[in-house]
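Chemist: Position one of the sequence shown corresponds to residue -16 (our numbering), numbered consecutively onward. So that we are looking at the same thing, I have put the structure below in C-alpha cells.
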Amino acid sequence: MASEMAAEMYETGPRDSGAVSLYSEAYRSNSTQPNNSAPSLLLSGKGSKQMSWWEMAGDAEGDINTSHTNARYLNVREAHVGSLAGPAGIRVQLGRKLEDWNKLDEYWKLGMWQPLFRWNVLTPDVVGLTGLFVSKETSNVRAVAFGSPFYIPELGAQMSVSNGSLTSSNRFIIPPPSQISMFGGNLPVHYQLDNTSILRDVVMHPSAGGLVRVGQSQGAWGKVSYLYEPVTRIMLGYEGYLFPANQDVEVTLHPRVVYHHVASLETGYTTERWSGWLSVMGERPVADHTPGFWTTEQITPAVLASASLDWEAYGRGANASHVSASYLYSWGGASPDQGPLAVPGVSIFESRYPYRSAASLRASVPLVGDELKHFELAGRGVYEFTVSGVLLSLDLLYKYDRHWQVGVGGDAIGSASAGASNGGADYMNLYRSDDRVRGKVSYVF
C-alpha cells in the first residue's frame, strides 16, 4: 500500500484530461513472475460531459505491458451517466461511481465499502460501486440512496490453472503449495477450479444502502452511512482428496460470495487551512452455508476507528502543500479457517485487515524557488505496531511544462515479525521483500 500521494502527483491536469506514460519498476527480491521489471505503456483518461439536463463521466487506466501480453490490465474507476440536479435538487446516476461512503476506508485503502483494484498491492486503487445512485442535496444536507442487482468484486491479478498448477503473471500472487509432505515423501498437489457460473453464482447478487451528510464544505459536519452488500473480496473454500494410487493430492477451489452489513458514523471540522475527522465503522458478516467437506476462510464482526488531521501549509489548489496524520485501530474481523483440512488457530488466506494498530504520516510539497518550482515531493510513512512493521514511500515529480512530466520514486517495507499476528495485520509480513524503485515519463493532454 505504497504512496497514494504519488499517484495523485502523476494524475495532474484538469478534470478532463488524459495521459500516455512509459512506466517501469524494479524490485529488491527476484520473482518467478514475468512482470518483475518489464516496462509498461500506461494510457489513462478522465472526463465529464454535461448536456442540457444530463451528464456522463468516466475515469480509467490501461496497462499495455510491452513484454508480456498476459500482464496487461484495464482499471475503470468510474463510468456513469445521469441527470443534472433539478429544481428539487435530485440527481439520478447509473453506472460505476465513486462515493464518499467512509473516510477511514478511503484513507487506509481497506476496500470495506468500495472495491479495490489490486493489480499492484503496494498501490491499491479504490473504484466505485456499480448500480443506481439517487441523491438529493440542499445547502446543509446531502442524502444518497444506492441499489444494484449485481456485484462486481475486487479485481486484481488473474490466476489460471495449467497442468494442475495455479499460475499468474503477477508477482504479488502468493501461490498455494505445489506439494505436501506425507508418508515420508513429498506428494504433488494438483488444483482445479469448480464449475461455478460467474454470472449466476458470482455477479447476480444485489446490494443496497445509503448515506446522509449534514454540514457545509467548511465548519462542522457529520455523516452516517450504511450498506448491505457482498464483501468486496471474493471469499474462498476448498476441498482436498488424497489418491494413493496416483501418489498425489487433488484440490478443488470454490469461490464464495459472502454478504455483510457495514455501517459508520463520522464527524469532522474543516477550515480554510485545517481539516480533521473521526470515523467509527462496524462490519457484521452474514454466514453463508457451505458443504461440511469444504474448508473455508472466515470473517467475524469487526469494529474500526480512525482519526485524521490535515494541514494545508501554504499555496492554493494544485500548488498547495499538504501534511496529514492518521491513526487506525481495529477489533475483530479475522478468524481461523474452518473445515476438515483447517489448522487450528490458523488461516492460510491473506487477511482483509492489513493493519490492527497503525499510524500514518503523509506529505505532499511543491518545492519553491526559481530553480525548484517545477518539482513536487511526496512521501508517506506507516508504522504497524502489532508486527513492528514500517512502510516508507518517497516520490519526486518534475513538471517540465504543462504536458511533459518525469517522476521517480521508491518504497521500502519490512517488519520485525516473521509471521501473521492476531489473525490479521499480515500485510507487511507478506510483502516485506517487495521493496521497489520506479520511474515514469508522461505526456499529459
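Virtual Cβ for every residue (Gly too), placed ideally from N, Cα, C. Values in this document were obtained by computation on a predicted structure and should not be read as measured data.
I think residue 320 touches residue 254, with their Cβ atoms under 8 Å apart; what is that distance to the nearest whole Å?
Modeler: Their Cβ separation, rounded to whole angstroms, is 48 Å, which puts residue 320 and residue 254 out of contact at 8 Å.
Chemist: Using 8 Å as the threshold, is the C-beta distance between residue 249 and residue 258 below it?
Modeler: No, the pair does not count as a contact, with Cβ atoms beyond the cut-off.
Chemist: Consult DSSP for residue 409 and reduce its assignment to one of helix, strand or coil.
Modeler: Residue 409 falls in the coil class under three-state DSSP.
Chemist: Anyone know if the C-beta pair for residue 25 and residue 7 falls short of 8 Å?
Modeler: In this structure, residue 7 does not lie closer than 8 Å to residue 25 by Cβ.
Chemist: If we cut at 8 Å on Cβ distances, does residue 361 have a partner in chain E?
Modeler: The structure shown contains no chain E, having only a single protein chain.
Chemist: Where does the unbroken beta strand (DSSP E) through residue 80 begin, and where does it stop?
Modeler: From DSSP, the beta strand (DSSP E) with residue 80 extends over 73 to 80.
Chemist: Note down, in chain order, each residue of its chain lying with its Cβ closer than 6 Å to the Cβ of residue 421, except the 5 sequence neighbours on either side.
Modeler: Cβ neighbours of residue 421 beyond the five flanking positions: 8 and 392.
Chemist: Between the Cα of residue 430 and the Cα atoms of 29, 216 and 205, which residue gives the shortest distance?
Modeler: Only positions -16 to 428 of the chain appear in this structure, which leaves residue 430 out of reach.
Chemist: Out of 59, 153 and 135, which one is the CA nearest neighbour of residue 104?
Modeler: Looking at the Cα atoms, 153 is the closest of the given residues.
Chemist: Report the partner residues of residue 25 according to the DSSP bridge assignment.
Modeler: Its beta-bridge partners are 4 and 46.
Chemist: Can you find the residues in the same chain that come closer than 6 Å, C-beta to C-beta, to residue 207, ignoring five residues on each side of it along the sequence?
Modeler: Same-chain partners within the cutoff: 195 and 248.
Chemist: DSSP on residue 415, reduced to helix/strand/coil?
Modeler: In this structure, residue 415 counts as coil in the three-state DSSP scheme.
Chemist: Restricting to Cα atoms, I'd like to know which of 63, 237 and 191 is closest to residue 246.
Modeler: The residue with the shortest Cα to Cα distance from residue 246 is 191.
Chemist: Excluding sequence positions up to five away, which residues of its chain have a Cβ less than 6 Å from the Cβ of residue 57?
Modeler: Only 45 meet the Cβ criterion.
Chemist: Kindly confirm or deny that the region 360 to 376 and the region 322 to 336 touch, where touching means at least three C-beta pairs closer than 8 Å.
Modeler: Contact fails: fewer than three Cβ-Cβ distances are below 8 Å.
Chemist: I'd like to confirm the pairing. Which residues does DSSP put opposite residue 313 in its beta bridges?
Modeler: Looking at the DSSP assignment, residue 313 forms a beta bridge with 287.
Chemist: I'd like the list of long-range same chain contacts for residue 277, defined as Cβ closer than 8 Å, with 5 residues on each side in sequence excluded.
Modeler: Same-chain partners within the cutoff: 220, 221, 222, 237 and 322.
Chemist: Starting from residue 382, trace the beta strand (DSSP E) both ways and give me its first and last residue.
Modeler: Residue 382 -> beta strand (DSSP E) spans 372 to 382.
Chemist: Would you list the one or two residues that DSSP bridges to residue 169?
Modeler: Bridge partners of residue 169: 164.
Chemist: With the cut-off set at 8 Å, would you say residue 308 and residue 350 are in Cβ contact?
Modeler: Against a cut-off of 8 Å, the Cβ pair of residue 350 and residue 308 comes out as no contact.
Chemist: Using only the alpha-carbon positions, how far apart do residue 419 and residue 172 sit?
Modeler: Going from the Cα of residue 419 to the Cα of residue 172 covers about 32 Å.
Chemist: Less than 8 Å between the C-beta atoms of residue 155 and residue 140, yes or no?
Modeler: Closer than 8 Å, so yes.
Chemist: Using only the alpha-carbon positions, how far apart do residue 94 and residue 22 sit?
Modeler: Taking the straight line joining both Cα atoms gives about 28 Å.
Chemist: In whole angstroms, give me the CA-to-CA distance for residue 232 and residue 224.
Modeler: So the alpha carbons of these two residues sit roughly 6 Å apart.
Chemist: Based on the DSSP secondary-structure assignment, which residues constitute the bridge partners of residue 237?
Modeler: Paired residues: 220.
Chemist: Residue 17 to residue 126, Cα distance in whole Å?
Modeler: Annotation note: pLDDT 48 at residue 17 (below 50); position unreliable, coordinate value reported separately. Roughly 47 Å separates the two Cα atoms.
Chemist: How would you label residue 63, buried or exposed, when you count the other beta carbons within 10 angstroms and need 16 or more for buried?
Modeler: Buried, by the Cβ-count rule.
Chemist: What is the residue span of the beta strand (DSSP E) that residue 266 lies within?
Modeler: Here the beta strand (DSSP E) through residue 266 covers 257 to 268.
Chemist: Let's test the definition: count the other Cβ atoms within 10 Å of the Cβ of residue 176 and tell me whether it reaches 16, buried, or not, exposed.
Modeler: Exposed: under 16 other Cβ atoms inside 10 Å.
Chemist: Check for me: the beta strand (DSSP E) holding residue 356 runs from which residue to which?
Modeler: Note, residue 356: premise wrong, no beta strand (DSSP E); not H, not E.
Chemist: Going along the chain, which residues of its own chain have a beta-carbon closer than 6 Å to the beta-carbon of residue 443, five neighbours each way excluded?
Modeler: Any answer about residue 443 is impossible in this case: the structure gives the chain only from -16 up to 428.
Chemist: State the start and end residues of the unbroken beta strand (DSSP E) segment that holds residue 209.
Modeler: 202 to 213 is the span of the beta strand (DSSP E), which, as asked, contains residue 209.
Chemist: For the candidate residues 377, 305, 97 and 92, whose alpha-carbon lies nearest to that of residue 80?
Modeler: Here the closest residue by C-alpha is 97.
Chemist: Can you tell me whether DSSP reads residue 89 as helix, strand or coil?
Modeler: Looking at residue 89 - three-state DSSP - the assignment turns out to be helix.
Chemist: Report the three-state DSSP secondary structure of residue 299 (helix, strand or coil).
Modeler: Note: residue 299 maps to coil in three-state DSSP.
Chemist: Ordered along the chain, which non-local residues of its own chain (more than five positions away) have a Cβ less than 8 Å from that of residue 398?
Modeler: Result list for residue 398: 367, 370, 371, 372, 373, 411, 412 and 415, in chain order.
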